[in-house]
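Visitor: Chain order of the listed sequences is E and R.
If you're matching positions, the first sequence starts at 390 in the numbering used here and goes up one per residue.
If you're matching positions, the second sequence starts at 294 in the numbering used here and goes up one per residue.
Yeah, the Cβ is synthetic: ideal placement off N, Cα and C, and Gly gets one too.
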Amino acid sequence: MNPSMLWSTCTRVLLQLRSDPRSIALILVVPAVLLALVYWLYQNETLAPGMPRTFDRVGLMMLGIFPFVVMFLLTSITMLRERTSGTLERLLSTPLHKADLLFGYALAFSIMAAAQALVATGTAYWVFGMAIAGNAGWVVLISVLTAVLGVALGLLCSAFAHTEFQAVQFMPVVVIPQILLCGLFVARDQMNSVLEVISNVLPLSYAVDGLQQVAQSSSPTSQLVWDLVVVAAFVLAGLLLASLTLRRRTA
Amino acid sequence: MSHRAQMPAPEPPFAPVPADPSGTHGPISVSVEGLRVCRRGVAVLANISCNIPQGRITGLLGPSGSGKTTFMRALVGVQKITAGTLTVLGRPAGDPQNRHDVGYVTQAASVYRDLSVLENVNYFGSVHGSSRQDAKAVLASVGLSVLANRKARNLSGGEFSRVSLACALVGKPALLVLDEPTVGLDPVLRADLWAQFAAMAEEGTTLLISSHVMEEASHCQTLLLLREGLLLAQLTPDQLRQRGETDDLELAFLRLIQGTPTETAEVASAAEGEDAR
Ligand SMILES: Nc1ncnc2c1ncn2[C@@H]1O[C@H](COP(=O)(O)OP(=O)(O)OP(=O)(O)O)[C@@H](O)[C@H]1O
Ligand SMILES: [Mg+2]
Numbered sequence: 390m391n392p393s394m395l396w397s398t399c400t401r402v403l404l405q406l407r408s409d410p411r412s413i414a415l416i417l418v419v420p421a422v423l424l425a426l427v428y429w430l431y432q433n434e435t436l437a438p439g440m441p442r443t444f445d446r447v448g449l450m451m452l453g454i455f456p457f458v459v460m461f462l463l464t465s466i467t468m469l470r471e472r473t474s475g476t477l478e479r480l481l482s483t484p485l486h487k488a489d490l491l492f493g494y495a496l497a498f499s500i501m502a503a504a505q506a507l508v509a510t511g512t513a514y515w516v517f518g519m520a521i522a523g524n525a526g527w528v529v530l531i532s533v534l535t536a537v538l539g540v541a542l543g544l545l546c547s548a549f550a551h552t553e554f555q556a557v558q559f560m561p562v563v564v565i566p567q568i569l570l571c572g573l574f575v576a577r578d579q580m581n582s583v584l585e586v587i588s589n590v591l592p593l594s595y596a597v598d599g600l601q602q603v604a605q606s607s608s609p610t611s612q613l614v615w616d617l618v619v620v621a622a623f624v625l626a627g628l629l630l631a632s633l634t635l636r637r638r639t640a
Numbered sequence: 294m295s296h297r298a299q300m301p302a303p304e305p306p307f308a309p310v311p312a313d314p315s316g317t318h319g320p321i322s323v324s325v326e327g328l329r330v331c332r333r334g335v336a337v338l339a340n341i342s343c344n345i346p347q348g349r350i351t352g353l354l355g356p357s358g359s360g361k362t363t364f365m366r367a368l369v370g371v372q373k374i375t376a377g378t379l380t381v382l383g384r385p386a387g388d389p390q391n392r393h394d395v396g397y398v399t400q401a402a403s404v405y406r407d408l409s410v411l412e413n414v415n416y417f418g419s420v421h422g423s424s425r426q427d428a429k430a431v432l433a434s435v436g437l438s439v440l441a442n443r444k445a446r447n448l449s450g451g452e453f454s455r456v457s458l459a460c461a462l463v464g465k466p467a468l469l470v471l472d473e474p475t476v477g478l479d480p481v482l483r484a485d486l487w488a489q490f491a492a493m494a495e496e497g498t499t500l501l502i503s504s505h506v507m508e509e510a511s512h513c514q515t516l517l518l519l520r521e522g523l524l525l526a527q528l529t530p531d532q533l534r535q536r537g538e539t540d541d542l543e544l545a546f547l548r549l550i551q552g553t554p555t556e557t558a559e560v561a562s563a564a565e566g567e568d569a570r
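(1) Name the residue from R/Ser409, R/Ala445, R/Val420, R/Pro389 whose alpha carbon lies nearest to the alpha carbon of E/Val395.
(2) Does the distance between the C-beta of R/Glu509 and the nearest non-hydrogen atom of ligand 2 fall short of 8 angstroms?
(3) Can you list the residues of chain R that E/Pro484 reaches, using a CB-CB cut of under 7 angstroms?
(4) Less than 6 angstroms between C-beta atoms, sequence neighbours within five positions excluded: which residues of the same chain meet that for E/Thr535?
(5) What three-state label does DSSP hand R/Pro258 in the structure shown?
(6) With DSSP as the reference, please indicate the residues paired to R/Tyr397 in a beta bridge.
(7) Should R/Pro466 go down as buried or exposed, given a rule of 16 or more other Cβ atoms within 10 Å for buried?
(8) Which one of R/Arg333, R/Gly422, R/Arg332, R/Lys361 has the shortest CA to CA distance from R/Leu517?
(9) Using 9 angstroms as the limit for Cβ to Cβ distance, is E/Met390 near chain R?
(10) Distance, Cα to Cα, E/Pro441 vs E/Ala425?
(11) So, for E/Gly526: in the same chain, excluding its five sequence neighbours on each side, which residues have a beta-carbon less than 8 angstroms away from its beta-carbon?
(12) Can you name, in chain order, every residue of its own chain whose Cβ lies under 7 angstroms from the Cβ of E/Asn524, other than the five neighbours on each side?
(13) Does the Cβ of R/Arg392 have 16 or more other Cβ atoms within 10 Å, making it buried, or fewer, making it exposed?
(14) Sorted by chain position, which residues of the same chain lie with C-beta nearer than 6 angstroms to R/Ile550's C-beta, five sequence neighbours on each side aside?
(15) If you compare alpha carbons, which of E/Ala495, E/Ala513, E/Val603 is closest to E/Leu625?
(16) Is there at least one Cβ from chain E nearer than 9 angstroms to R/Val456's Cβ?
(17) Can you list every residue whose CB sits closer than 5 angstroms to some heavy atom of ligand 1, going in chain order?
(18) Under DSSP, the alpha helix (DSSP H) around R/Arg455 begins and ends at which residues?
(19) State yes or no: is the C-beta of R/Gln400 nearer than 8 angstroms to some heavy atom of ligand 2?
(20) Kindly confirm or deny that the stretch 538-552 of chain E and the stretch 420-440 of chain E touch, where touching means at least three C-beta pairs closer than 8 angstroms.
(21) Please list the residues of the stretch 314-348 of chain R that have a C-beta atom closer than 7 angstroms to any C-beta atom in chain E, keeping them in chain order.
(22) So which residues of chain R does E/Ala640 contact, with C-beta pairs closer than 7 angstroms?
(23) Using a threshold of 8 angstroms, is the CB atom of R/Ser454 nearer than that to any non-hydrogen atom of ligand 2?
(24) For E/Gln601, count neighbouring C-beta atoms within 10 Å of its own C-beta (all shown protein chains included) and say buried if the count is 16 or more, exposed if not.
(25) Assuming contact is defined by CB atoms lying nearer than 9 angstroms, are E/Ser408 and R/Val404 in contact in what I supplied?
(26) Just to check, is the beta-carbon of R/Ser503 closer than 8 angstroms to a non-hydrogen atom of ligand 3?
(27) My parser needs the alpha helix (DSSP H) runs of 4 or more residues fully inside the stretch 553-631 of chain E; what are they?
(28) Under a three-way DSSP split, which group does E/Pro438 fall into?
(29) Chain E partners of R/Asp407, CB-CB under 7 angstroms?
(30) Please name the residue, chosen from R/Gln372, R/Gly334, R/Ser322, R/Ile350, that lies closest to R/Thr515 on a Cα-to-Cα basis.
(31) Compute the Euclidean distance between the alpha carbons of E/Gln558 and E/Thr552, then round it to the nearest angstrom.
(32) Return the chain-ordered ranges of every beta strand (DSSP E) run that is complete within the stretch 444-494 of chain E and spans a minimum of 3 residues.
(33) With a threshold of 9 angstroms between beta-carbons, can R/Ala441 be considered close to chain E, or not?
(34) Check whether the stretch 578-587 of chain E and the stretch 608-621 of chain E touch, using three or more Cβ-Cβ pairs below 8 angstroms as the test.
(35) Within 9 angstroms of any Cβ in chain R, is that where the Cβ of E/Met460 sits?
(36) Strictly below 8 angstroms CB to CB, what residues from chain R border E/Glu478?
In C-alpha cells form, the structure reads like this:
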C-alpha cells in the first residue's frame with residue numbers, strides 16, 4: 390500500500406462523482422426526502438401513552454439501510470465502468486497496488502457516506518425530532534460502516550457483471566433480501582428458524598441490531614461493539630474477495 | 294488443461310523466423326522465444342521468436358485478427374501465455390518492476406470519460422509518482438493543452454485517443470507499447486506523432502507500434518509481420534520492399550502476407566539463408 394496512490398485514487402473517484410450531480414443528489418438529498426416520507430407515513434398513528442413513535446424505530450433503521458443501498462449501487466456501477474472502459478486493465482499494468490485501488494474507492498465513498506449520514510441524521514433529529522437513548526455519534530458511525538459495507542459488496546459483485554444492466558440486477562438478489570431479513574419488518578427473534586439463521590449470516594442484520602442497541606441504551610453496550618466488529622469483518626472479507634477478482638493477467 | 298493438449302502444432306513452414314540483423318546488433322529491449330498463446334482453446338499466437346531492439350521503433354503489422362493486440366498484451370504482462378519465454382527489459386514479462394517502465398496504450402482508448410483531460414493524465418501520472426507539471430508538459434506534447442479542462446467524453450475521437458496516449462507517456466516508460474495509436478487521426482497529426490515517436494526513440498525509449506497503415510511502416514526501423522498468429526518475418530522496411538519486389542510498402546506487404554504458405558516458406562527460408570551469411 391502506498392498512501393499517496395491511495396489518496397490520488399480517492400480524489401479521482403470523488404472528482405468523477407463531482408461531475409455527476411444526480412449521484413450527489415442521490416447521496417445527500419434522497420435519504421433525507423425518504424426519511425420525511427416515512428415521517429409523514431406514520432404522522433397520524435395513535436400511540437398508547439409511553440409508547441415510542443414508529444418513526445423513531447423505522448426512521449432509525451432507515452439511517453443504516455440507505456447508505457448501504459446507495460453505496461452498493463454507486464460502487465458496483467462505477468467499478469463496472471472501470472472494468473468495461475479498459476481503465477482497470479490499464480491501472481493493473483501500472484505500479485498501482487490493488488489495495489490502493491480498493492481502499493481508495495472505500496475511502497472516497499466513506500467520505501460521501503459521512504456527509505450523507507450527517508445530513509440524514511441531522512434531518513431525523515432536528516427536523517423530525519427523533520428521540521433515542523444513545524448518542525447520535527453512534528448512529529453516524531454505523532451509517533458510515535454500512536456505507537462501506539455497500540462499497541465492499543458492490544466492488545465484489547461488479548466482478549460478476551458484464552454490463553451495467555447486470556450490475557443493477559444484483560440489487561434484488563443481494564440487497565433486498567438483507568432489507569427484508571434485517572429486522573425492519575419483523576423482529577429477527579420472531580422469524581421462523583430458517584429465516585432467523587439466514588438473517589444471522591447477513592451483515593445488514595448486525596448493522597440494524599447495532600442501531601437498535603443505540604436506541605435502547607444511553608451508553609454503548611457490548612452487543613453494540615460486537616455488532617460493529619461483525620460488520621467490519623464483513624467489510625474486510627468483501628474487500629479481500631474483491632481484490633481476488635482483480636486479475637493482472639487474463640486469458 | 295485438456296484443450297491445450299489438443300492444440301495443433303504450428304505448421305512447419307512457419308518455423309521461428311530468425312531475428313533480423315537490425316534487431317540483433319544493438320542492445321535488445323525485448324526478447325521473445327517460442328511464445329505461444331491460446332485464447333479459449335484456440336492458438337492465437339504460435340511459436341513466435343523475435344528480438345525488439347532498444348531505442349528503436351518496431352512496427353507490428355498484420356491483418357485484423359492476426360494477433361497484434363494479443364502479442365502486445367503478452368509483452369505488457371496482462372495476457373496469460375501458454376508456452377515460451379518473454380524477457381522484457383531484462384525481466385520476465387509482467388514482473389512488478391516492469392510496471393514502472395512499460396507504458397501500454399490499448400487499442401480502444403482507456404480513459405475516464407467523466408474526468409477532464411488534465412485530471413485523467415494527472416491521475417495516471419500520480420500512480421507513477423509524477424507531478425501535475427509533468428501532466429501539463431505531456432498534454433502540451435500531444436497538442437491537448439487547450440483542451441486540458443474539457444471533459445473527456447466531450448472530445449472528438451482523435452482527441453480522445455490522444456488523451457489515452459498522454460496517460461501512458463506521463464509515466465515516462467522505457468518501453469512504450471502502442472496499439473494502433475494513429476487510427477482516426479488526420480495526416481498532420483499523424484506526422485506530428487511519428488516525429489514525436491522518433492524523438493523518443495532518439496532519447497532511448499523503445500517503441501513497439503502496431504498499425505494497419507502501411508505507409509507508416511516506413512517510420513519504423515524494424516517490422517514484425519504477423520499472419521494468423523504466426524510471425525512471417527522480421528525485417529526492415531527496405532528489406533520488405535526488396536522481398537515484395539516493389540517500392541510500394543503496401544503492395545510489398547500484400548504480396549508477402551497473401552503469399553501461399555509454400556511461397557511464404559520460400560521467402561522465410563530465403564531470409565534464413567541471408568541471415569546465415
Ligand atoms: N477476449 C478474447 N477471447 C478470445 N479470443 C480472442 C479475444 N480477443 C481476441 N481473440 C482472438 O484472438 C485472435 C487475435 O486477436 P487480436 O486482438 O490479437 O488481433 P489483432 O491483430 O489485434 O486484430 P485487429 O487489427 O483487428 O485489432 C483473433 O482471432 C481474435 O478472435
Ligand atoms: Mg488489435
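Guide: Concretely, from the data shown:
(1) The sequence as given places Leu at residue 395 of chain E; Val does not occur at that position. The shortest C-alpha separation from E/Leu395 is found at R/Val420.
(2) no
(3) Identification of chain R residues near E/Pro484 by a Cβ-Cβ cut-off of 7 angstroms yields Arg392, His393, Val420, His421, ordered along the chain.
(4) Correct list, in chain order: Gly453, Pro456, Phe457, Ala596.
(5) Residue 258 of chain R lies beyond the range of chain R shown here (294 to 570); nothing can be said about it.
(6) R/Val470
(7) buried
(8) Selected option, being the one with the closest Cα: R/Lys361.
(9) No, its Cβ sits nowhere closer than 9 angstroms to a Cβ of chain R.
(10) 18 angstroms
(11) If we look at E/Gly526 and ignore the five residues flanking it on each side, it has no Cβ neighbours.
(12) Same-chain partners within the cutoff: there are none.
(13) buried
(14) Excluding residues within five positions, the ones whose Cβ falls inside 6 angstroms are Arg520.
(15) E/Ala495
(16) no
(17) R/Arg332, R/Arg333, R/Val337, R/Ser357, R/Gly358, R/Ser359, R/Gly360, R/Lys361, R/Thr362, R/Thr363
(18) Unbroken alpha helix (DSSP H) run through R/Arg455: 450-462.
(19) yes
(20) no
(21) Arg332
(22) Arg332, Lys373
(23) The answer is no for R/Ser454.
(24) buried
(25) no
(26) As far as ligands go, the structure on display features ligand 1 and ligand 2 and does not contain ligand 3.
(27) 553-557, 565-570, 582-589, 592-605
(28) Annotated three-state conformation of E/Pro438 is coil, per DSSP.
(29) Correct list: Gln405, Ser408, Asp409.
(30) R/Ile350
(31) 10 angstroms
(32) DSSP assignment within the stretch 444-494 of chain E yields no whole beta strand (DSSP E) run of 3 residues or more.
(33) no
(34) no
(35) no
(36) Against E/Glu478, the close residues of chain R are Val371, Thr399, Ser403, in the order they occur along the chain (beta-carbon pairs closer than 8 angstroms).
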